[in-house]
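The next block holds one structure in the form of structure tokens; read it before the comments.
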Amino acid sequence: MIIEIQPDAREADVRQLFEELQQLGLKQTEVKTQLARYVVALGSDDIDLRLVGRLPAVRDVFRVSESYKLVSRKWKLDPSRIEFPNGAVIGGGGLSIIAGPCSVESREQLERISGHLKEEGILMMRGGAFKPRTSPYSFRGLGIEGLKLFHEVASASGLMVVSEVMRVSQIEQMYDYVDVYQVGARNTQNFSLLHELGNVDKPVLLKRGISGTIDELLQSAEYIFANGNEKLILCER
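150 is the number that our numbering gives to position 150 of the sequence shown; each next residue is one higher, with no gaps.
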């Protein structure tokens, strides 16, 4: 089950909730996000939700049977919506377009493409500074200097920056230069990376893995949400 905690709950009441869950034989995991505070409780499906819902710390309680809990639509009925400072919105029923080059190559390239996007009313630009390649001899991106250039040009055009993160060590390195971290198909099951992206306060665009199932995509999304980041964008490929 998923328990949403009252935003103004007293810590004494939260402790009471944990004690009650323990007495019911449920394993508990607390999840704090930018928007709310939850408890994921695992165990018997036969427990009466009213036993938990009556506690003062509880805002709402939901039974979720899927292996992924927090990203399930069984309890979060309203569509997710992520808003950006330039007016771009992902989710909530509207259509948003993210466009741009596969890889960042030059200032001229970025200025030309960002100009076209701005003319078309597109508010988000993607581009890779760190590129995964099948061949070790192929161009693998300009790295952090390319990302800084990308950020400079996109910002001048009022565009949000979407760029792929390849490994944990790049998260902090990229932080000041991206608005959305992209996780590519090769890294959809890089669980160390997903776990650490749960710690950031920026959206994550998560691609479905190579030959990956929908269930596997949602399990990967659960890694990010369960570590505190519910600003998730799921991407088919």
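C-beta atoms are modelled at their ideal positions from N, C-alpha and C, and glycine is treated no differently.
Fair warning: this is a prediction, and the values are worked out from it, not measured in the lab.
When rounded, the separation of the alpha-carbon atoms in residue 117 and residue 145 is 22 Å. For a cut-off of 8 Å, the C-beta gap from residue 221 to residue 29 is around 16 Å, too long to register as a contact. Note on geometry: alpha-carbon atoms of residue 211 and residue 193 lie some 20 Å from one another. Less than 8 Å divides the Cβ of residue 98 from the Cβ of residue 124.
Shown here, residue 126 sits in a strand according to DSSP, grouped into three states. Under the three-state reduction of DSSP output, residue 205 falls in the strand class.
Contact between residue 202 and residue 181 holds, since their C-beta atoms are separated by about 6 Å, short of 8 Å.
Following the DSSP letters along the chain, one finds residue 74 in no beta strand (DSSP E), marked with neither H nor E. In the DSSP assignment, residue 160 falls outside any alpha helix (DSSP H) and lies within the beta strand (DSSP E) extending over 160–164. When 100, 156 and 21 are compared, the shortest CA-CA separation from residue 41 is found for 21. Burial of residue 88 is indicated by the presence of at least 16 other C-beta atoms within 10 angstroms of its C-beta. Secondary structure at residue 109: helix, using DSSP grouped into helix, strand and coil. When the five nearest sequence neighbours on each side are left out, the beta carbons in the same chain lying within less than 8 Å of the beta carbon of residue 57 are those of 5, 6, 9, 10, 13, 14, 16 and 17, in order along the chain. Here residue 234 is bridged, per DSSP, to 206. The count of Cβ pairs closer than 8 Å, one atom from the region 121–136 and one from the region 155–163, reaches three, so the stretches are in contact. Under the three-state reduction of DSSP, residue 194 is assigned to helix.
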